[in-house]
Each structure stands twice: as structure tokens, then as C-alpha cells.
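Presented below is the structure to which this report refers.
In full-length UniProt numbering, the protein residues as written are 1 to 293.
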């Protein structure tokens, strides 16, 4: 019957997708050969699903993404935007969100995320590398060490029952009140490492959120938008078609508002009770300028 013939084609394609005895591109063309042979559909009807307007639009978007990646245009745009916005973790997050949103308006958001991640990863490694000394180490370490030492001295001073009189008691009192440099450096290193991890995560999320908000702006921004356009045109053929300009006119204000809300939400979440993150990586402006050159 027709049902079992169709099930046979689906089973063959499923096995070929999993086992991959032939390239996946060749596997995707199996229905073009088998369905007409089994009398299920005509060749013209099958080819309409392969080379329709929606799929060609998706192919064109991916081709543009490959060209941009090959020319490193996305990297130049990202670094130039960061140079114009200025230094500071908050400005860096804003710059990454804006450039990811802008690129995702014209190109598929998955492709933009894949292209932007190496740029951000290289930037983060230079800013927060373990072997690179930054101003964060000096400022954060000094503030934390002084606070720990002062609290420790006050606590020990109040808990010490008598005033030291001999030299031995004085040495013991000093050792109790003042922590060693090794212990302080261990605490400081852990605090700075935690600060670095949070900044790394913050910069990665800024790219993801920016690409996702930009993905709703145009039809070609995301595969789901293309599928939605195809479904709408199939269901409502008698209505006015959904074109590029009308979609963008409707979705662009939502994109801008969503990006602003995401920025403030991410900043509030990561900087809540973490003011020392503002002091970290004070030299990111110089590093961005060097990468841009």
C-alpha cells in the first residue's frame, strides 16, 4: 500500500541519517529518487519542497554568513564597536550585545553566535588569562587583604584576655592577629578567580542574548522565522503575503526593547553584591585597540 511504501522511505532515510553510509547531503536527496519510483509523488512536486523560496532564502543567508566569516568582517565590526563604546565591563557587555544583535538582524542567529564566540573567547583569554597580571589583581587583592587583616586583628584584639608583656607573648600575639602572606594570597587568588569566571560567563551570555533578540527582527534571522513565513503563506494564501519590510517594521521595536531589558537584567544579576567586578580588567581598552589594529 501507499502507507507502507512511504514508511519504507522514511525508514531508509532514518537509518542513513544515523549510520551515515553516504554523505548527509546525498541522504537528503533520497526522496527525489525513491518517491517517484514507488509512485507516491511526482518529481515536480518533490522538487518544489527542495527549491522553494523559503529554502533559497535560508541558503542565501548561510552563504552571506560564510563570506563574512571568511573576510573576518564580523571581528572588525565587533572590535570597532567596542573601541567606540569605551572601556569598562558594563560597556563591554553593552557593546557585545549591540554588535550581536545588529549582525543577527541580517544573518542567522546561530551562525552569528558561532562566529562571535571565537572573538569573545580570544578577548576574554587576553583580559582574564591566568598568566597575565592585570590591575584587578593589585586592586582587588589590596582591598580584600586589608579588610581581612583588619577584621582579623579586631577580632583577636577583643578576644585576647591580657596585654602581652614578654617578647614571646608579643610574637604569639602578632602571629594570631596578622595572617601570613601565604594564607592571604590563597584567599585573594580564589576571590580573583571567582571574579574572572563571572566576567567570562557574563561576556558569553551577552553575545547569546544579543543574537537571540536580533533573531526576531527579520525573516532570515532565524530558521523558525522562515518556517513561520512558509506556514503562514500555506494557510492564508488569500491574505497579503508576509514580506521582509513588514516583518522588520513590526519586530524592530521589540528587538530594541528586549535588548535593553536583557542588558539591565544581566548587569543587575552579575553586579549585585559584586562591586569588585568593576575594578577588574582596567586595561581592556588597550587590549581591544591592539586586537583591532
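Even for Gly, the Cβ is constructed at its ideal location relative to N, Cα and C.
Cβ contact annotation for residue 101 (same chain, cutoff 6 Å, sequence separation greater than five): 210, 213, 214, 259, in chain order. Taking C-alpha positions only, residue 89 is separated from residue 58 by approximately 35 Å. Remark: C-beta atoms of residue 228 and residue 52 do not approach each other more closely than 9 Å. DSSP places residue 1 in the coil class of the three-state scheme, outside both helix and strand. Within its own chain, the residues whose Cβ lies closer than 7 Å to the Cβ of residue 75, once the five positions on either side in sequence are excluded, are 119, listed in chain order.
Across the set 10, 99, 111, 264, the C-alpha of 99 shows the shortest separation from the C-alpha of residue 81. Measuring C-alpha to C-alpha distances from residue 207 to each of 65, 97, 265 identifies 97 as the nearest.
Residue 25 counts as exposed, since fewer than 16 other beta carbons sit within 10 angstroms of its beta carbon. Residue 203 is positioned such that its CB atom lies closer than 9 Å to that of residue 123. C-alpha of residue 194 to C-alpha of residue 95: approximately 23 Å in a straight line.
Non-local beta-carbon contacts of residue 2 in its own chain, meaning distances under 7 Å to residues more than five positions away in sequence, involve 40 in chain order. Within the model, the alpha-carbon separation for residue 92 versus residue 267 is close to 11 Å. Assignment of alpha helix (DSSP H) within the stretch 69-123, counting only whole runs of 4 or more residues, yields 73-85, 89-106 in chain order. Judged by beta-carbon spacing, residue 22 lies beyond the 9 Å limit of residue 9, meaning their Cβ atoms are not closer than that value.
Within its own chain, the residues whose Cβ lies closer than 6 Å to the Cβ of residue 111, once the five positions on either side in sequence are excluded, are 65, listed in chain order. Rounded to whole angstroms, the gap between the alpha carbons of residue 5 and residue 38 is 7 Å. Under the DSSP assignment, residue 247 falls in the alpha helix (DSSP H) whose first and last residues are 244-271. With contacts defined by Cβ atoms closer than 9 Å, residue 108 and residue 62 form a contacting pair.
The three-state reading of DSSP puts residue 20 in coil, since its state is none of H, G, I, E or B.
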